[in-house]
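This report refers to the structure that appears directly beneath it.
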Amino acid sequence: MLALMLALGSSLAYGCADFLGGLGARKAHVLRTVMIAAPASLAVELLLWPFLGASFSAGALGWGAASGIASAAAFALLYRTLAIGPMNVLSPVTALVSAALPVAVGLLQGEHLGAAGLVGLPLALVAVILVSAGHGAGSARPSRTALLSAFGAGGAIALQLVFLHQAPSDTGVAPLIIGRAVSSAVILAAAGLMYRRLGSERPAYAMSTAAGVLDSMANLLFLLAARSGDLTVVAVITALYPAGTVLLARSVLAERIRRGQLVGLGTAAVAVSLLALA
10 MLALMLALGS
20 SLAYGCADFL
30 GGLGARKAHV
40 LRTVMIAAPA
50 SLAVELLLWP
60 FLGASFSAGA
70 LGWGAASGIA
80 SAAAFALLYR
90 TLAIGPMNVL
100 SPVTALVSAA
110 LPVAVGLLQG
120 EHLGAAGLVG
130 LPLALVAVIL
140 VSAGHGAGSA
150 RPSRTALLSA
160 FGAGGAIALQ
170 LVFLHQAPSD
180 TGVAPLIIGR
190 AVSSAVILAA
200 AGLMYRRLGS
210 ERPAYAMSTA
220 AGVLDSMANL
230 LFLLAARSGD
240 LTVVAVITAL
250 YPAGTVLLAR
260 SVLAERIRRG
270 QLVGLGTAAV
280 AVSLLALA
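The C-terminal residue of the sequence shown carries number 287 in our numbering, and the numbering is unbroken.
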């Protein structure tokens with residue numbers, strides 16, 4: 010039950026962070042948003058160090074750095090994906106992709122899926138197709154570029170979660186600190202190299218900072234959940250985060266979804282729930 014509650018908290022924090030980050034990336038180049046969000050996230054994790062402890066062992070350094078590289082890619086791809094929208098279609102696609110790899114890793118490490126999980130995995134693939142295939146006049150149909158970005162973001166998020174899970178469980182928040190330090194360095198270096206292409210638009214400082222803070226809290230809750238439960242279950246519960254993103258997108262941006270896409274979202278919810286029951 011503790012792992013479930015932590016995973017649900019992580020899911021809520023990720024959903025809110027994604028909405029704010031994607032909205033901020035609509036106001037300026039995505040790197041301008043990420044170069045604020047990532048250091049803000051690092052600052053939160055440094056503040057947590059005295060309370061939760063950190064042991065910078067070789068395992069924490071290695072897996073933390075690997076998660077940081079994946080996190081940098083996830084930040085940029087996800088915020089870019091949500092910036093070109095529509096959020097209420099692309100966010101669930103990203104979530105389902107991000108759940109598949111951790112489930113596979115968990116199974117390879119000896120975790121087991123019951124009958125519900127064996128039904129949930131193919132159902133998740135059906136949901137991806139339904140959610141991505143909007144049609145008809147006025148439908149919120151994502152472009153091919155947006156879909157590719159969503160799949161890339163999902164893969165990067167999955168790798169980040171898997172790498173965090175692999176870090177030794179007695180290292181406190183060290184993997185998070187190392188990971189965010191590496192991702193911040195990568196993002197700032199990329200921003201420096203692409204400075205002339207970032208445009209002159211001012212980033213949304215408040216939204217970008219809030220996105221980074223929420224992302225940091227989501228990472229922490231996921232790490233604690235993964236240390237107290239199975240990766241296969243924790244990963245798919247965390248993958249419920251589009252619920253928060255979609256709710257905010259509909260209430261704040263008045264985004265609409267077509268009937269077929271609504272069926273896809275419902276199918277996605279059923280698939281994730283089945284995987285969680287497994």
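Just so you know, even glycine gets a beta-carbon here, dropped at the ideal spot from N, CA and C.
Computed from a predicted structure; not experimentally measured.
Candidates the options, of which the one nearest residue i by Cα
i      : options                     : result
Ser209 : Val39, Gly18, Leu13         : Val39
Ala167 : Ala244, Ala63, Leu32, Cys25 : Ala244
Gly161 : Leu57, Val102, Leu21        : Val102
Gly33  : Ser66, Ala213, Leu139       : Ala213
Gly115 : Ile186, Gln175, Leu57       : Gln175
Leu274 : Ala136, Ser66, Val43        : Ala136
Tyr23  : Leu271, Gly269, Leu257      : Leu257
Ala198 : Val43, Leu29, Ala16         : Val43
Endpoints, alpha helix (DSSP H) assigned at residue i
i      : result
Met14  : 11–34
Ala52  : 39–61
Asp224 : 214–237
Leu173 : 153–175
Arg189 : 183–202
Beta-carbon contacts of residue i that lie in its chain and below 6 Å, excluding the five residues immediately before and after
i      : result
Arg89  : Val39, Ser158
Ser193 : Ala47, Pro48, Leu51
Phe231 : Ser19, Thr247
Leu110 : Ala167
Close Cβ partners of residue i (< 7 Å) along its chain, the five nearest in sequence each way excluded
i      : result
Ala165 : Ala79, Ala82, Ala83, Leu86
Leu132 : Thr276, Val279, Ala280, Leu283
Arg236 : Ser178
Ala207 : According to the sequence provided, residue 207 is Leu. The question's Ala does not apply to it. If we look at Leu207 and ignore the five residues flanking it on each side, its Cβ neighbours are His38, Leu40, Arg41, Ala200.
Whole-angstrom C-beta distance between residue j and residue i, which should lie under 8 Å
i      : j      : result
Asp224 : Ala52  : Not really, about 12 Å apart at Cβ, beyond 8 Å.
Ala49  : Gly221 : 3 Å
Counted within 10 angstroms of its Cβ, other Cβ atoms place residue i as buried (16 or more) or exposed
i      : result
Met203 : exposed
Gly62  : exposed
Met216 : buried
Val261 : exposed
Ala7   : This structure does not reach residue 7, given that the chain is present from 10 up to 287, and the question cannot be answered.
Pro59  : exposed
Met226 : buried
Leu11  : exposed
Sequence-distant residues of the same chain with beta carbon closer than 8 Å to residue i, five excluded per side
i     : result
Ala74 : Ile187, Gly188, Val191
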